[in-house]
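Below is one structure, written out as structure tokens; comments come after it.
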DNA sequence: CTGAATCCAAATGGATACTG
DNA sequence: CAGTATCCATTTGGATTCAG
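Residue numbers (UniProt numbering), protein chains in the order written: chain A, 1 to 142; chain B, 1 to 142.
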């Protein structure tokens, strides 16, 4: 097809590029890691293996649906392992794999950052909100 | 009100607890940091200050709406600074603050983890998908 | 106990068009 | 250039119910 216009070629290139970015390995993984519940589940499992319902209670606010969804995704990615004990009633334990533990360290670091720098962030927010309010007032007067 | 039933008290306690978790400083920050675009924007700004439209082009896939939203949130939290140069046309530069740079290191570490361990994750996914397919087949046969 | 399935409200976010 | 405003499709995710 040498009959494309310049605009068509540009559009084509843009689509290809976007597709590349969407399929980019790093982005796939970052998307998964930036999931709201992933950090909480991984953090919950750091101390050791834990049962399904215990994780649910520990996170407090997660629905069984999201908990299962998150655990399944993490299991598929080799970050947690799932062990079924066929007793009655059934018992299922989840545990971080070595891969999961290597990740947990980083997520913990981010969590620690959030804790240690929260005062800075809160101060910044207050400053920002005040300035915004001033500007709004000024705009109203003007 | 001492006329609550046990169920009502339990419900009340659960609501309070959930509210506490929602308002928990760390969770607020982690929620912000686990935003899909935050990592990408912060990463884009690591090399140095950058103009609005340059960030948009660099991320390729972000709509102006989300870009503005993300930048505003980061500015409010004191992670990026916004500098307006009143030329014609207007020029706006965004830059990581010292606070932002301290965070960028951690996010970069996570990004690096994603890059170095992607093969492990991909292998785990293939294994998981195969096993799942087998189980599905077995169930169909049985 | 550990989920799977369904329903549905709400938030997310992209596309588009417009303004200063 | 740097956004803002609006519309709308998709997704998210909670509640509920049921099953193994």
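Glycine included, every Cβ here is placed at the ideal spot set by N, Cα and C.
Here the structure is a predicted model, which is why all the values come from computation and not from measurement.
Minimum Cβ-Cβ distance from residue i to chain B less than 8 angstroms
{"i": "residue 93 (chain A)", "result": "no"}
{"i": "residue 179 (chain A)", "result": "Only positions 1 to 142 of chain A appear in this structure, which leaves residue 179 (chain A) out of reach."}
{"i": "residue 134 (chain A)", "result": "no"}
{"i": "residue 128 (chain A)", "result": "yes"}
{"i": "residue 125 (chain A)", "result": "yes"}
{"i": "residue 114 (chain A)", "result": "yes"}
{"i": "residue 78 (chain A)", "result": "yes"}
{"i": "residue 31 (chain A)", "result": "yes"}
{"i": "residue 39 (chain A)", "result": "yes"}
{"i": "residue 34 (chain A)", "result": "yes"}
Beta-carbon proximity check, residue i vs residue j, cutoff 8 angstroms
{"i": "residue 34 (chain A)", "j": "residue 36 (chain B)", "result": "yes"}
{"i": "residue 83 (chain B)", "j": "residue 38 (chain B)", "result": "no"}
{"i": "residue 47 (chain A)", "j": "residue 94 (chain A)", "result": "no"}
{"i": "residue 67 (chain B)", "j": "residue 55 (chain B)", "result": "yes"}
{"i": "residue 128 (chain A)", "j": "residue 127 (chain B)", "result": "no"}
{"i": "residue 124 (chain A)", "j": "residue 100 (chain B)", "result": "no"}
{"i": "residue 92 (chain A)", "j": "residue 122 (chain A)", "result": "no"}
{"i": "residue 106 (chain A)", "j": "residue 45 (chain A)", "result": "no"}
{"i": "residue 116 (chain B)", "j": "residue 43 (chain B)", "result": "no"}
{"i": "residue 155 (chain A)", "j": "residue 114 (chain B)", "result": "No answer is possible for residue 155 (chain A): the residues shown for chain A start at 1 and end at 142."}
Collapsed DSSP secondary structure at residue i in the structure displayed
{"i": "residue 108 (chain B)", "result": "helix"}
{"i": "residue 19 (chain A)", "result": "With a pLDDT of only 48 at residue 19 (chain A), under 50, the local geometry of the prediction cannot be trusted, and no value is derived from it."}
{"i": "residue 132 (chain A)", "result": "helix"}
{"i": "residue 124 (chain A)", "result": "helix"}
{"i": "residue 81 (chain B)", "result": "strand"}
{"i": "residue 42 (chain A)", "result": "helix"}
{"i": "residue 100 (chain A)", "result": "helix"}
{"i": "residue 61 (chain B)", "result": "coil"}
is_contact[residue i, chain A] using C-beta, thresh 8 angstroms
{"i": "residue 141 (chain B)", "result": "Unreliable placement is indicated for residue 141 (chain B), whose pLDDT of 48 sits below 50; no coordinate value is reported for it."}
{"i": "residue 54 (chain B)", "result": "no"}
{"i": "residue 71 (chain B)", "result": "no"}
Terminal residues of the alpha helix (DSSP H) in which residue i lies
{"i": "residue 35 (chain A)", "result": "Premise fails: residue 35 (chain A) is in no alpha helix (DSSP H) and is neither H nor E."}
{"i": "residue 49 (chain B)", "result": "Note, residue 49 (chain B): premise wrong, no alpha helix (DSSP H); not H, not E."}
Start-to-end residues for the beta strand (DSSP E) that takes in residue i
{"i": "residue 161 (chain A)", "result": "Residue 161 (chain A) falls outside the range modelled here, since chain A spans only 1 to 142, and no answer is possible."}
Contact test: residue i Cβ vs the ligand ZN heavy atom, cutoff 7 angstroms
{"i": "residue 67 (chain A)", "result": "Of ligands this structure carries none, so the ligand ZN is not represented either."}
Residues from the stretch 96-109 of chain B in contact with chain A, defined by Cβ distance under 8 angstroms: Considering only beta carbons, the part of the stretch 96-109 of chain B lying closer than 8 angstroms to chain A consists of 99, 102, 103, 106, 107 and 109, in chain order.
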